[in-house]
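K.L.:
The structure is given below, and queries will be raised subsequently.
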Amino acid sequence: MLYAAVERAAAADLRSVNAQLECLVREALSKRGVKLEAPVRAKRGRPAKTPDDGGIE
1 MLYAAVERAA
11 AADLRSVNAQ
21 LECLVREALS
31 KRGVKLEAPV
41 RAKRGRPAKT
51 PDDGGIE
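Quick note on numbering: UniProt numbering labels position 18 of the sequence shown as 18, and the sequence is numbered without any gaps.
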């Protein structure tokens, strides 16, 4: 039942269940006064070319 509720909340927020769980845990910790750093977002796209792979010299 709990997982189904998390699934519904995730779908309503257009998130994955994993992302929804992370948000719920962060909110709960915040309410308890635990300070967390902002999550690091992954860079999108291809990595920059280096001289080793025939890219920029």
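Beta carbons are placed, not taken as given, at the ideal position from N, Cα and C, and that holds for glycine.
A10 and Q20 look like a contact to me (Cβ under 8 Å); what is the Cβ gap, rounded to whole Å?
P.N.:
The Cβ separation is near 4 Å, so the contact holds.
K.L.:
Determine the contact status of V17 and V6, defining contact as a CB-CB distance below 7 Å.
P.N.:
In this structure, V6 lies closer than 7 Å to V17 by Cβ.
K.L.:
Could you have a look at P51 and say whether DSSP puts it in helix, strand or coil?
P.N.:
Three-state DSSP puts P51 in a helix.
K.L.:
Grouping DSSP H, G and I as helix and E and B as strand, with all else coil, what is R32?
P.N.:
If DSSP states are grouped into helix, strand and coil, R32 belongs with coil.
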